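Peer 1: Take this structure, written in structure tokens, and hold onto it; I'll ask about it next.
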Amino acid sequence: MCEEDGFMISKIKPVIGTCNDKEKRTLLFAAKELSRYLGMVDHAGDFPVIPVDTYKEEADSIYLVIGHEKLPKVEDVYYDDAIYVQVDGFSGTISGTNARATLIAMYRFLRGKGYAFIKPGRHGETIPETLTDAPVSLCEAASYRHRGLCFEGTMYEESFEEILDWLPKVGMNAYFIQFLEPGDHLRRYYQNYKGYTLNNEEAAGMTWMIRDAIAKRSLLYHATGHGWTGEVIGTDRHYLRKVPEHISEETYSMLAELDGKRDVFQGNPLNTNLCYSNRKVQEKMTDAIMAYLSDHEGIDYLHFWVADGGNNMCECAECVKKRSSDFYVQMLNLLDEKMTKAGINTKVVFLIYSGLVWAPSEERIKNPDRFSMMWAPFIRWFTHPITPDMMDTPVLPYDLNGRLYNNIPFIPRDLSMHVAFYKDWRGTFDGDAFDFDYHFCQEYLVDMSGYRLAKVIHADMVVFEEIGLNGLIDCQVQRVFLPTALGMNVQAETLWNRNLSFDEIAERVLKLQFGEKYQAVWDYLKELSLYDVARAVHEAESMRSPENQEKLEKGIKLIRAFRQAHEAYVAAMPAGNQKHDWEGLLFYGEVHEAMFNCYRAQSDEEVKALEEIYNETVKKKADQFKSEFDAAAMALIKPESMLGFGYQSDVR
């Protein structure tokens, strides 16, 4: 650092001499971000970005360089992230194993200087009042390779930019755009919440913007998933649930046979499997993937999944000769052969889910390095975390389409059963694997304090290493930062460093959000979590049992008491992010109270009236807090144990 006439000069030098175009773009972005954030504090300072070809150490310069010799060793420098930061004052080195990791390292340097990024967008940033000369020294490797999100819920264009901008700020490294064309997902916000129909061209343009934001940060890009069966059926990629106007006899012959008939499953192409023993089907599926890869550059992980849903696997005379997973592995091997021949290095993700939870009995993956195994414990309960002893759970007998289980779609809710199936697959595949989970898909609507769920997330992340999982891609609503940002930060921080304790993370996050009274918030969340009724929601306990009614009553009293104790304090606070966060906390308490009131209802009529109040409460400040919560994804969860309720909640 050099100070001339009272202002600071520090040159930001990204080393781009040997970088490819994508790496250059990310390093230049990192350098500009560093200059921008330093300038936000020292308005008189000068932090010019000066790209250079080679690295050296010199005064008054911060070098951003890929692959410094002092970085921790990792298995693969493209996929695995490690960082090295050695900056004394404002002179030194910021480095990562790749361009993405160097961007992460830059944000970690800023955190070492007093900056914080606990939420996406401007409301999530803490900017220090002054720049200190204190040295920042870091040398770390991420605990897990896979640290990313898959979008669910409703999103608008700016919210995508905010979440993608936030990911590397908290050490996350991947983003998953589901489906071949994610138009259905993109329309949800504009159509369901704003009443505007997004056409295909607009949806495609928005998707391009998302992919570009991913590429700018060199995030690992996961693509597609469900929808490949639709390529054979002839489904419009923009409307995967819409049956084509014409399906040929040849195409019908390739659909899964169920109860002696080949047809679109329950009128939904997305849930329609194919006859996977049929060589023509295998060729068409894998050819469709090859064509997609040729048209879409920059995909790091291509997800090859079969249909969604359950009890929909083919039962023809050939398909019953092996397990569904055996034919799946045949297709995986065929795809690998085609990709190898074409010189395509993209990784392929296969899934353990629904009818594929049973491991193959005969077939084996021939080239494990090509693949990552994705364990998807769908509809698991989040009342407790994954534990190592679950690996000892016996696997249930193989069952095709629920014939052994009274035709109930076989998607197990018991977490230990999910773990047992994962272990069974591990006996056939010892390559890379990660958890594809659903922590923030719906559970945030059951545990509205967010505290119990954050504890479960932390415990899950810690145990991954012990059971052979190399991280997480979370399939989730993106805007889940109310009542606090605790859960999302616990997820990010523990994926980077599994040795961090829950309390370390909680103290940092809550102190940043709520200042001097953070302990009161912590105590409030902790107590409120004791009164959630998750077991009644998940396990059909009676919501009207004396125990649950007492919980609901205590929860409402606690919310009201906390609000009463802090309303005046919040009103008197100066404008700023802490005031905004306090207002969000109190507002979400109102939503929480409205939900509890619905659960206390004693009749259908009362529930309907109270649900209207709940929906209106959600909408009341939807725009004020639209960066932090997804109002259109706040439908009241109605347990069967309440009354049955033959109608659907719809918050618009």
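When you read off a place in the sequence shown, starting at 1, and then add 401, the result is the number in the numbering used here.
For each residue, glycine too, the CB sits at the ideal point set by N, CA and C.
Bear in mind the structure is a predicted one, so any value in this text is a computation, not a measurement.
Would the beta-carbon of Leu911 fall within 8 angstroms of that of Gly851?
Peer 2: For Leu911 and Gly851, no; Cβs fall outside 8 angstroms.
Peer 1: Rounded C-beta distance between Val758 and Lys685? I'm assuming under 8 angstroms.
Peer 2: Between Lys685 and Val758 the Cβ distance is about 25 angstroms, and since that is not below 8 angstroms, they are no contact.
Peer 1: Smallest Cα separation from Leu429: which of Thr652, Thr895, Tyr485 and Arg501?
Peer 2: Looking at the Cα atoms, Arg501 is the closest of the given residues.
Peer 1: Short of 7 angstroms in beta carbon distance, which residues of its chain neighbour Ile528, apart from the five on each side in sequence? Order them along the chain.
Peer 2: Only Met441, Val442 and Tyr516 meet the Cβ criterion.
Peer 1: Under 8 angstroms by Cβ, that's how I've got Ala604 and Gly628 pegged, so tell me the actual separation to the nearest angstrom.
Peer 2: With a Cβ gap of about 15 angstroms, Ala604 and Gly628 do not count as contacting.
Peer 1: Report the rounded CA-to-CA distance for Ser496 versus Lys457, giving the unit in angstroms.
Peer 2: The straight-line gap from Cα to Cα measures roughly 12 angstroms.
Peer 1: Any beta carbon of chain D sitting closer than 8 angstroms to that of Leu428?
Peer 2: No chain D is part of this structure, which consists of one protein chain only.
Peer 1: If you measure between the beta carbons of Gly702 and Leu620, is that distance less than 8 angstroms?
Peer 2: The sequence as given places Tyr at residue 702; Gly does not occur at that position. No, these two residues do not count as a Cβ contact at 8 angstroms.
Peer 1: How about the stretch 832-841 and the stretch 765-780: do they share at least three Cβ pairs that are nearer than 8 angstroms?
Peer 2: Counting Cβ pairs under 8 angstroms, three or more are found: they touch.
Peer 1: Roughly how many whole angstroms lie between the Cα atoms of Glu1017 and Gly668?
Peer 2: Between Glu1017 and Gly668, the C-alpha separation is close to 34 angstroms.
Peer 1: Which of the three DSSP states is assigned to Asp875 in this structure?
Peer 2: Reduced to three states, the DSSP call for Asp875 is strand.
Peer 1: Within 10 angstroms of its Cβ, does Glu1013 collect 16 or more other Cβ (buried), or is it exposed?
Peer 2: By the neighbour-count rule (16 or more Cβ atoms within 10 Å), Glu1013 is not buried but exposed.
Peer 1: Going by the CB atoms, is the gap between His704 and Ala616 shorter than 8 angstroms?
Peer 2: Not in contact: Ala616 and His704 (Cβ atoms no closer than 8 angstroms).
Peer 1: Inspect the beta-carbon positions of Ser654 and Glu719 and report whether they are closer than 8 angstroms.
Peer 2: No. Outside cutoff.
Peer 1: For Leu1037, does the three-state DSSP call read helix, strand or coil?
Peer 2: Note: Leu1037 maps to coil in three-state DSSP.
Peer 1: Sorted by chain position, which residues of the same chain lie with C-beta nearer than 6 angstroms to Asn807's C-beta, five sequence neighbours on each side aside?
Peer 2: With a pLDDT of 48 at Asn807, under the threshold of 50, the modelled position of this residue cannot be trusted; read the value that follows with caution. There are no such residues.
Peer 1: DSSP state of Asp551, grouped into three classes?
Peer 2: It should be pointed out that residue 551 corresponds to Cys in this sequence rather than to Asp. Cys551: strand per DSSP, three-state reduction.
Peer 1: With three or more beta-carbon pairs closer than 8 angstroms as the criterion, would you say the stretch 584-596 touches the stretch 505-524?
Peer 2: No, they do not touch.
Peer 1: Sorted by chain position, which residues of the same chain lie with C-beta nearer than 7 angstroms to Asp566's C-beta, five sequence neighbours on each side aside?
Peer 2: So the list reads Pro521, once near-sequence residues are dropped.
Peer 1: In its own chain, which residues sit with a C-beta less than 8 angstroms from the C-beta of Pro810, not counting the 5 before and 5 after it?
Peer 2: Reliability of the predicted coordinates at Pro810 is poor, the pLDDT of 47 falling under 50, and no value is obtained from them.
Peer 1: Using only alpha-carbon positions, find the residue among Lys1009, Glu434, Thr598 and Gln965 that is nearest to Lys1039.
Peer 2: The residue with the shortest Cα to Cα distance from Lys1039 is Lys1009.
Peer 1: Quick check for students: name the residue ranges of the alpha helix (DSSP H) that lie wholly in the stretch 419-503, counting only runs of 4 or more.
Peer 2: The stretch 419-503 contains these whole alpha helix (DSSP H) runs: 422-442.
Peer 1: For Thr625, which beta-bridge partners are listed by DSSP?
Peer 2: Its beta-bridge partners are Gln579 and His704.
Peer 1: Is the stretch 538-557 touching the stretch 1030-1039 in the sense that three or more CB pairs, one from each, lie closer than 8 angstroms?
Peer 2: Counting Cβ pairs under 8 angstroms, three or more are found: they touch.
Peer 1: Would you give the residue range spanned by the beta strand (DSSP E) that Phe988 belongs to?
Peer 2: Unbroken run through Phe988 is the alpha helix (DSSP H), Asn978 to Tyr1000; no beta strand (DSSP E).
Peer 1: Could you check the C-alpha separation between Lys414 and Lys742 for me, to the nearest Å?
Peer 2: Rounded to the nearest angstrom, the two C-alpha atoms are 41 angstroms apart.
Peer 1: Any idea what DSSP makes of Thr531, helix, strand or coil?
Peer 2: Correct three-state label for Thr531: coil.
Peer 1: Could you pull the start and end residues of the beta strand (DSSP E) that Phe963 belongs to?
Peer 2: No beta strand (DSSP E) holds Phe963; the alpha helix (DSSP H) holding it covers Pro947 to Ala972.
Peer 1: According to DSSP, is Arg936 helix, strand or coil?
Peer 2: Here Arg936 sits in helix by DSSP.
Peer 1: Considering only the beta carbon of each residue, do Arg548 and Met507 sit closer than 8 angstroms?
Peer 2: Contact: no.
Peer 1: Excluding five sequence neighbours on each side, which residues of the same chain lie with their C-beta closer than 6 angstroms to the C-beta of Lys748?
Peer 2: Tyr702 and Ser773, listed in sequence order.
Peer 1: To test your reading of the DSSP string, which unbroken alpha helix (DSSP H) runs of 4 or more residues are found completely within the stretch 666-717?
Peer 2: Qualifying alpha helix (DSSP H) stretches, in chain order: 680-696.
Peer 1: Leaving out the 5 sequence neighbours to the left and right, which residues in its chain are closer than 6 angstroms to Phe1030 when beta-carbon positions are compared?
Peer 2: Once the five neighbours on either side are set aside, the close Cβ partners of Phe1030 are Arg880 and Leu883.
Peer 1: Taking 7 angstroms as the limit between beta carbons, can you name the residues of its chain near Asn601, skipping five residues before and five after?
Peer 2: Excluding sequence neighbours, Asn601 sits near Gly584 and His639.
Peer 1: Which residue marks the beginning of the beta strand (DSSP E) containing Ala834, and which one marks its end?
Peer 2: Note, Ala834: beta strand (DSSP E), Asp833 to Asp838.
Peer 1: List the residues that DSSP assigns as beta-bridge partners of Trp776.
Peer 2: Note: Trp776 sits in a beta bridge opposite Ile753 and Asp836.
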